[in-house]
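Single-structure report; data block below.
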Amino acid sequence: MYIIDMNSELELTALMIPRPGTSPVPLATVSNPHSLGLQAIIYEDGYTYEGNTKYRLNISLRQQHLWGRTDPNFTSSIKRPTISTITVDIANKEISCVDLKPLTALISVGCDLTKKIIIQNEISACYKGFLDPVALQDNYSYVIEKEAYDPNFRGQPATKDLVVHYPYEKLGCPLLVYYNTPWKPVMELWREGKFQEIVEAEFVLLEVNGLFTYTYSLTAGTALCISQPQNWTTILENAGDKGPFAWDRELLLAGDHLQCLCVWGTPTDLHPTGDHHHRAHAGDPAVRVAGLHDSHTATHGEGPRVQRVLGQSVQKV
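Counted the way UniProt numbering counts, the sequence shown spans residues 1 to 317.
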C-alpha cells in the first residue's frame, strides 16, 4: 500500500516486454476517481538481450482535486481521507496459455504517519552547559507561580502554584534563545527520520499551562486586521474540557477573519521570568490531510540572561 498526503504526488512505474510483433495498449485505472486522479505516459525504454522492445509506463497519482481537470461536483473534498485501488492491465492482450494478471496496488489518500514536525534546535541549553541532561532525566520539575497562570486559560490568577514535571523522553534537551529576544519557532518537516524541508505554512502557538506572562509583537490593529480575529475567549466558550487543545486548523477556516488575513508568524516576546509550554499547530490546510503539530517548552530566566526553550516533543496525528 502507498500513501499520498495532501498536496503530495506519487510516481509509479510499470515495465512491459511484449512478444515480438505485438504492440501493447496499457490501461491504468483507479477505483475511486472522485478522490484519486492519474496521468500516464508510455514510451520505449530500450531492448532486451533477445532484441525485444521494452516499454515503460510512468504513472503520476495525486488527489483529483489538485489536477484541476474535473468538475468540482465530481471530486471528493481535498480534506477527506480515502482508499483507492490502481490497476494496470493490457487492454489488447490475447488469449494465451499464460494468464497475465493485472497489477494492482492500494493507494491511501490520508495522513502519512511517517511525517512529523520538529521545532528547529540548532543550539541546545545542554550543549552550552546551562542545563545538565542527566538532571533533566532525574524527575526534573519547575514551578509556575499562581500569579502567572490560569488553568482555565482566561488570564486570571490561579489559587495555587503549579508544579510541572519535565518529560525528558518526549522533549529532549532544550533549545537556547537569548534573553529578552523575540523568538519565532522554525518548523522542520521530517519523514521516516529524514529531514524534508522547512515548513513555511502559517502556524499558531498555544500555551499549554495557561500562562499569560508573555505578549506578541503585533496586536490585531498593528497586524492590519480589518475584521474580528479569532480569540481564546470565544473558542474556549465552546471547547468543553479541551483546554489548550480547543484550537485546530479546522477553526482557521471558520469566520470572517479569512477575508482579510492578518500578518502571520510574528515573534513572541517573553519578558518576565517564567516557564512557557507551547504547542505549535501548522495552520495551513494545504499542508496535510490531518494536522501537524509540535510541543515545546520555554523557560525564561534572569541568571545567565538566556531563554531556555525546554525541549520539543513530536506528536503524530
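Built from N, CA and C at the ideal position, the CB exists for glycine as well.
Alpha carbon to alpha carbon, how far is TYR55 from SER35? Give it in angstroms, no decimals.
-> 28 Å
LEU57 versus PRO33 - alpha carbon distance = A straight line joining the alpha-carbon of LEU57 with that of PRO33 spans about 19 Å.
Between the Cα of GLU44 and those of SER23, LEU189, THR213, spot the shortest distance and give me the residue it belongs to.
-> SER23
Determine the direct distance from the alpha carbon of PRO72 to that of PHE153, and round the result to whole angstroms.
-> 41 Å
Supposed contact pair ASN121 and VAL164 - C-beta distance, whole angstroms, cut 8 Å = Between ASN121 and VAL164 the Cβ distance is about 20 Å, and since that is not below 8 Å, they are no contact.
Segment contact flag, the stretch 157-173 with the stretch 82-90, C-beta cutoff 8 Å, min 3 pairs | no
Tell me whether PRO272 is buried or exposed, calling it buried when 16 or more other Cβ atoms sit within 10 Å of its Cβ.
-> The pLDDT assigned to PRO272 is 47, lower than 50, so where the model puts this residue is not dependable, and the model offers no usable value.
Contact set for GLU9: own chain, Cβ-Cβ below 8 Å, skip 5 residues either direction | Cβ within range, chain order: SER60, LEU61, ARG62.
Taking the CB atoms as reference points, tell me whether MET1 and SER77 lie closer together than 7 Å.
-> no
Assess, as a yes-or-no matter, whether the stretch 111-121 is touched by the stretch 183-191 under the definition of 3 or more beta carbon pairs within less than 8 Å.
-> yes
With 16 other Cβ atoms within 10 Å as the buried cut-off, status of residue 335 | The question about residue 335 has no answer here: the residues shown for the chain are numbered 1 through 317.
Tell whether a beta-carbon distance below 7 Å holds between LEU205 and ALA148.
-> Not a contact, by the Cβ cut-off of 7 Å.
Identify, in the order they occur along the chain, each residue of the same chain with its Cβ nearer than 8 Å to the Cβ of THR13, setting aside the five sequence neighbours on each side.
-> ARG56, LEU57, ASN58, ILE59
Reduced DSSP category for LYS170 - H, G, I as helix; E, B as strand; rest coil = It is helical.
Three-way DSSP call (helix, strand, coil) for PRO102 in this model | Correct three-state label for PRO102: coil.
Beta-carbon proximity of residue 341 to LEU176, cut-off 7 Å | Because the chain is modelled from 1 through 317, residue 341 falls outside the range shown and cannot be assessed.
Does DSSP put PRO81 in a helix, a strand or coil?
-> coil
Quick one: is GLU132 buried, meaning 16 or more other Cβ sit within 10 Å of its Cβ, or exposed?
-> It is Asp, not Glu, that sits at residue 132 in the sequence shown. Exposed.
Going by beta carbon distance, what residues of the same chain come within less than 8 Å of LYS146, once the five residues before and after it are set aside?
-> PRO157, ALA158, THR159, LYS160, ASP161, LEU162
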